[in-house]
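Residue numbers (the UniProt record's numbering): 1 to 1029. Beta carbons: idealized from backbone N, C-alpha and C, even for Gly. Have a look at the structure below before the remarks.
Printed below as a string of structure tokens:
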């Protein structure tokens, strides 16, 4: 294994792999490499790359992000052009012998289990295996990954067909050498030492993979190129939690590598000495960078050899008891089976930020409150801790009807998810049973499971209240040790009375205080996305001495009730408004920061203020050396002569200021909510001490409508009064925003329930638009339709093909929809795209566009783009979308736009017979806001038991908008020869009688209200006022 080092003298070949160093390195950039210095910013000479494959830190395959997409498209077009030539078409058998080094073409349509990154790829044969027949290892040179194929699944390309250089290259880290930690008694008092390793350890390789995969973008600063193998060596930079790190420094801090310098450099350059010693003992005490010393421990005298990578992360903790911060999952020291369950399901040895704080607190028996955004690890962290604690207390397990843990969730959907997570952690523990009790399950089945053993009970508050009221003496909470409320903000908002009944009547928290008997003391753990007044009240009344962890800076501001004021002005008056706010010169005695969205805005504001105020300007267009100097100037400022800090969002993480007292948002971001959230980290020092010294001013203008709505929601949770006229203005702006979503379809939640609980963050439309939602057929309210269901989305949402329409005005008249036309349309699409020349990439991939997707091999479907995905971590250089097949209703999520093909007008204009069907006036039990897997399975079961080849679905139309029809019920119709059709089983009756749903009389009423608000008075000639009665 070659080790990249700075060349001093020629290296001779030796028996150890460290001596096989690249010779005669030449690089004009060598002098700029400052050993292992950690920079606050990424060097200007570094370029953004995407790591595709990691063999070890010396050997990684990557491509440069800049112009990658355009170049790849050009190469793919050349390959597609070649596929149209006679040379390709005549060689479909392609029986030529393939050799190592041949350039080949691989088609996506040939894939079996292997998923290619593009529809066509060029590859290089790097290896031929003959163990199980001829098997070729092919490197996809433009994608950086290798695949194994048999000879019939690729075509050999003519030489020099595509002269372009490979888009990926091999890169490696520079100037470090691998080490491993070994126990030894060579040195007095040192039982763990670092030794030079002959190759990278598996832990080091996995650490590198995990680290680079966690970064959205990696930057590579090329320093030197090996003439022997062409590998480019340099430094890799990445940003984790707003801290710039280098790969060499990360490997060094975590005891996987050491820098080649000093005596070690002499040894590497003098192979005879290294050959004699074979292993070289390294004495490492601290990181070379003084600022990083607190992040590492001394190697001398430590027994811990686990991988650790801990950056200083910001989180607000309020507690009278100090707890450790956990940096490795194995430090939890739960039984082996629990850790195996975590590894198999979560696949991470490093805890999330919030988990690293709450786990030590839970293990210490504290009552814990965990507040953080979705996907921050709240649920998995709390469930893992409870399962681990119960696994440690197997000796306390007694009767199956005395659960040790009760987990209350906000919906049946969450109950199923949490119970599945519990079972995955407890897979190896046969004597620990987890029971899920939720709507749709009968009391008898739940009681049977409890009698069979119930150490962990997962349910919703309302279900548990009903069960306990009906089934007394089945459950006893005398041994209850852990009470967990998952999404307590939702629970207290919707089920406050049920929680109160559980506490008062059923006494599930009776054992919070020590008693003379051996009953355990109850530990309460709650998690939530938002801090609310209800949570504040609950914590005060129920939880003794809580350990509160808040991983969201905005929620920390809400929690501490910081003085926040909102100012709404026109763009032209923002400067004057800011000047008025600062007229008393409070900034001289309060550290004040004004945040702008870009450098130009910051410079203009500085020009305005500098005439009368003392300012300090720092923005992202400045040189790094100037930023550092200004940073030091700010730190050196003293009370009474503070300047006003004017800065931009991109530099906040580098500045790392946390002692701001007055935070002024001069402008707010349009899209990046995370950056807006990060601004509040500037207040962190004062939030942990005395928040009364802080205040926040937010200035919004007429262009900040989206942000205004979110800010007002925050203010309402802080009990800040909103003036009536401002509230009316906000409601008006909210409606305007919804009406501007013309390309988006009406939200499925609105269609299903008449409302959307996540409206503030939902991308879809929540109002009816008369010009967009015109019915696509002449079907009227009150008519009956016969359908064939093509897809079941959830309990009340279906896609179906219309067979027949029976007008309510003349039931003897039947309007039939042609099945032949439906089949002909499908045939036309398949025939057109059967010709490979017609398969052209779609040039327009906006929301609402209709394209073609190859759903399976040589099966082409018309699809409409319903949304663009911006939340995919690995889609920095690619675009993913959700699409709906307009001829079947099937929804596909996260489809790469490269897979979408252009559709000609003649195929675009073909009619579709598929509509969306919603079962009207039904809602899950307890007014839950989503259907769960169990109720969805019941619908599938109903169809399988009642529907056959003679059957159809019939229902009466209650509303018709666009391609969506609401039916009063779905009933099974069966054709009988010589007799009228038999109308049988009812889906609505099945769902209601089986306790899977209840009637929701507000459903259609809310939809009719939306129609009237849009200006609609009738639909297909039917008066809306009459329909709503």
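Query - Inter-residue spacing [alpha-carbon to alpha-carbon] between residue 1010 and residue 490 - result: Residue 1010 sits at position 1010 when you count from the first residue of the chain shown. Residue 490 sits at position 490 when you count from the first residue of the chain shown. One C-alpha to the other measures close to 26 Å.
Requested in this report: State the CB to CB distance for the pair residue 483 and residue 524, rounded to an integer number of angstroms; the pair is presumed to be in contact (CB under 8 Å).
Outcome: Taking the first residue of the chain shown as 1, we reach residue 483 at position 483. Taking the first residue of the chain shown as 1, we reach residue 524 at position 524. About 5 Å; that satisfies the 8 Å criterion.
Query raised in the report: Got a sec? Which residues, its chain only, sit under 8 Å from residue 1022 by beta carbon, not counting five neighbours each side?
Result: As a working note, residue 1022 is residue 1022 in the chain shown. Around residue 1022: 780, 781 and 782.
Report task. Just the C-alpha distance for residue 339 and residue 646, rounded to the nearest angstrom, thanks. Result -> As a working mapping, residue 339 is identified with position 339 in the chain shown. As a working mapping, residue 646 is identified with position 646 in the chain shown. Each residue's Cα considered, the two are about 48 Å apart.
Report task. Within the same chain, show all residues whose beta-carbon is closer than 7 Å to that of residue 912, passing over the 5 residues directly before and after it, in chain order. Result -> What you label residue 912 is simply residue 912 of the chain shown in a count that begins at 1. So the qualifying residues of the chain are 886 and 887.
Report task. Could you have a look at residue 463 and say whether DSSP puts it in helix, strand or coil? Result -> Numbered from its first residue, the chain shown carries residue 463 at position 463. Of the three classes helix, strand and coil, the one that applies to residue 463 here is helix, per DSSP.
Query raised in the report: In three-state DSSP terms, what is residue 38?
Result: Taking the chain shown and counting its residues from 1, the one referred to as residue 38 is at position 38. Because the pLDDT at residue 38 is just 39, under 50, the model does not fix this residue reliably, and the value given afterwards should be weighed accordingly. The answer is coil: DSSP assigns residue 38 none of H, G, I, E or B.
Query raised in the report: At what residues does the alpha helix (DSSP H) containing residue 1031 begin and finish?
Result: Because the chain here runs from 1 to 1029, residue 1031 falls outside it and cannot be looked at.
**Report entry** Buried versus exposed, by CB contacts within 10 Å (16 or more), residue 463
**Finding:** Locating residue 463 in the chain shown gives position 463, counting from the first residue. With 16 or more Cβ atoms within 10 Å of its Cβ, residue 463 is classed as buried.
Requested in this report: Could you name the residues that DSSP lists as bridge partners for residue 1048?
Outcome: With the chain covering only 1 through 1029, there is no way to say anything about residue 1048.
Query raised in the report: So residue 741 and residue 765 are in contact, right, with Cβ under 8 Å, and what is the actual spacing, rounded?
Result: Position 741 of the chain shown, counted from the first residue, corresponds to residue 741. Position 765 of the chain shown, counted from the first residue, corresponds to residue 765. With a Cβ gap of about 4 Å, residue 741 and residue 765 count as contacting.
Query raised in the report: Taking the continuous beta strand (DSSP E) assigned at residue 765, which residues delimit it?
Result: To locate residue 765, count along the chain shown from 1; it is residue 765. It is not in any beta strand (DSSP E) - residue 765 carries neither H nor E in the DSSP assignment.
Query raised in the report: What does DSSP give as the partner residues of residue 922 in its beta bridges?
Result: Here residue 922 refers to the residue found at position 922 of the chain shown. In DSSP, residue 922 forms a bridge with 999.
Query raised in the report: What span of residues does the alpha helix (DSSP H) with residue 60 cover, start to end?
Result: Here the question's residue 60 lines up with position 60 in the chain shown. First-last for residue 60: 59-64, but that is the beta strand (DSSP E), not the alpha helix (DSSP H).
Report task. Specify the secondary structure class of residue 178 as computed by DSSP and reduced to three states. Result -> The residue given as residue 178 occupies position 178 in the chain shown. It is a strand residue.
Requested in this report: Could you check the C-alpha separation between residue 469 and residue 475 for me, to the nearest Å?
Outcome: Along the chain shown, one-based indexing puts residue 469 at 469. Along the chain shown, one-based indexing puts residue 475 at 475. Each residue's alpha carbon lies about 11 Å from the other.
Query raised in the report: Is it the case that the Cβ atoms of residue 692 and residue 1016 are separated by a distance below 8 Å?
Result: Taking the first residue of the chain shown as position 1, residue 692 is located at position 692. Taking the first residue of the chain shown as position 1, residue 1016 is located at position 1016. Cβ distance not < 8 Å, so residue 692 and residue 1016 don't count as in contact.
Query raised in the report: How about residue 800 and residue 917: are their beta carbons less than 8 Å apart?
Result: Here residue 800 refers to the residue found at position 800 of the chain shown. Here residue 917 refers to the residue found at position 917 of the chain shown. It is a contact, given that the beta carbons lie within the stated cut-off.
Query raised in the report: Under a three-way DSSP split, which group does residue 402 fall into?
Result: If you number the chain shown from 1, residue 402 lands on position 402. Correct three-state label for residue 402: coil.
**Report entry** Beta-carbon proximity check, residue 223 vs residue 51, cutoff 8 Å
**Finding:** On the chain shown, residue 223 is found 223 positions in, with the first residue counted as 1. On the chain shown, residue 51 is found 51 positions in, with the first residue counted as 1. Not a contact, by the Cβ cut-off of 8 Å.
Report task. From the DSSP output, read off the bridge partner residues of residue 127. Result -> Position 127 of the chain shown, counted from the first residue, corresponds to residue 127. In the DSSP output, where bridge partners are listed per residue, residue 127 has 137.
Query raised in the report: What are the boundary residues of the alpha helix (DSSP H) that includes residue 496?
Result: Within the chain shown, residue 496 is the residue found at index 496, counting from 1. 496-504 is the extent of the alpha helix (DSSP H) around residue 496.
Query - Distance between beta carbons of residue 168 and residue 333, contact taken as under 8 Å - result: To locate residue 333, count along the chain shown from 1; it is residue 333. To locate residue 168, count along the chain shown from 1; it is residue 168. Incorrect: roughly 43 Å between the Cβ atoms, too far for contact.
Query raised in the report: How many Å lie between residue 405 and residue 555 at the Cα?
Result: Reading the chain shown from its first residue, position 405 is the one you call residue 405. Reading the chain shown from its first residue, position 555 is the one you call residue 555. Those two C-alpha atoms are separated by around 28 Å.
Report task. Please classify residue 949: is it buried, with 16 or more other beta-carbons within 10 angstroms of its beta-carbon, or exposed? Result -> Here residue 949 corresponds to residue number 949 of the chain shown, with the count starting at 1. Counting of Cβ neighbours within 10 angstroms places residue 949 among the exposed residues, the total staying below 16.
Query raised in the report: Exposed or buried, what is residue 1019 when buried is set at 16 or more other beta-carbons lying within 10 Å of its beta-carbon?
Result: Within the chain shown, the letter at position 1019 stands for residue 1019. Per the 10 Å Cβ criterion, buried.
Query raised in the report: Where do the N-terminal and C-terminal ends of the beta strand (DSSP E) with residue 596 fall, by residue?
Result: On the chain shown, position 596 is the one that residue 596 refers to. From DSSP, the beta strand (DSSP E) with residue 596 extends over 592-596.
Query raised in the report: Can you list, in chain order, the stretches of the alpha helix (DSSP H) that have 4 or more residues and sit fully within the stretch 961-1027?
Result: 987-993, 1002-1013 and 1024-1027
Query raised in the report: So, residue 548 versus residue 317, is the Cβ gap smaller than 8 Å?
Result: Locating residue 548 in the chain shown gives position 548, where the first residue counts as 1. Locating residue 317 in the chain shown gives position 317, where the first residue counts as 1. Yes, the Cβ-Cβ distance between residue 548 and residue 317 is below 8 Å.
**Report entry** Between the CA atoms of residue 503 and residue 466 - distance to the nearest angstrom
**Finding:** As a first step, residue 466 must be located in the chain shown, where it is residue number 466. As a first step, residue 503 must be located in the chain shown, where it is residue number 503. Spanning the two alpha carbons is a distance of roughly 14 Å.
Query raised in the report: So, are the CB atoms of residue 425 and residue 387 less than 8 Å apart?
Result: Walking along the chain shown from the start, residue 425 turns up at place 425. Walking along the chain shown from the start, residue 387 turns up at place 387. Taking 8 Å as the Cβ cut-off, residue 425 and residue 387 qualify as a contacting pair.
Requested in this report: Just mark residue 988 as buried or exposed, buried being the case when its beta carbon has 16 or more other beta carbons within 10 Å.
Outcome: The count along the chain shown starts at 1 and reaches residue 988 at position 988. Buried is the call here.
Requested in this report: Taking all protein chains shown into account, decide if residue 444 is buried (16 or more other Cβ within 10 angstroms of its Cβ) or exposed.
Outcome: As a working note, residue 444 is residue 444 in the chain shown. The residue in question, residue 444, is exposed, as its Cβ has fewer than 16 Cβ neighbours within 10 Å.
Query raised in the report: Would you call residue 551 buried or exposed, if buried means 16 or more other Cβ atoms sit within 10 Å of its Cβ?
Result: Start at 1 with the first residue of the chain shown, and residue 551 comes out as number 551. Label assigned to residue 551: buried.
**Report entry** beta strand (DSSP E) segment containing residue 573, residue limits
**Finding:** Reading the chain shown from its first residue, position 573 is the one you call residue 573. No beta strand (DSSP E) contains residue 573, which DSSP labels as neither H nor E.
Requested in this report: Could you tell me if residue 797 is buried or exposed, where buried requires 16 or more neighbouring beta carbons within 10 angstroms of its beta carbon?
Outcome: The residue given as residue 797 occupies position 797 in the chain shown. Buried, since its Cβ has 16 or more Cβ neighbours within 10 Å.
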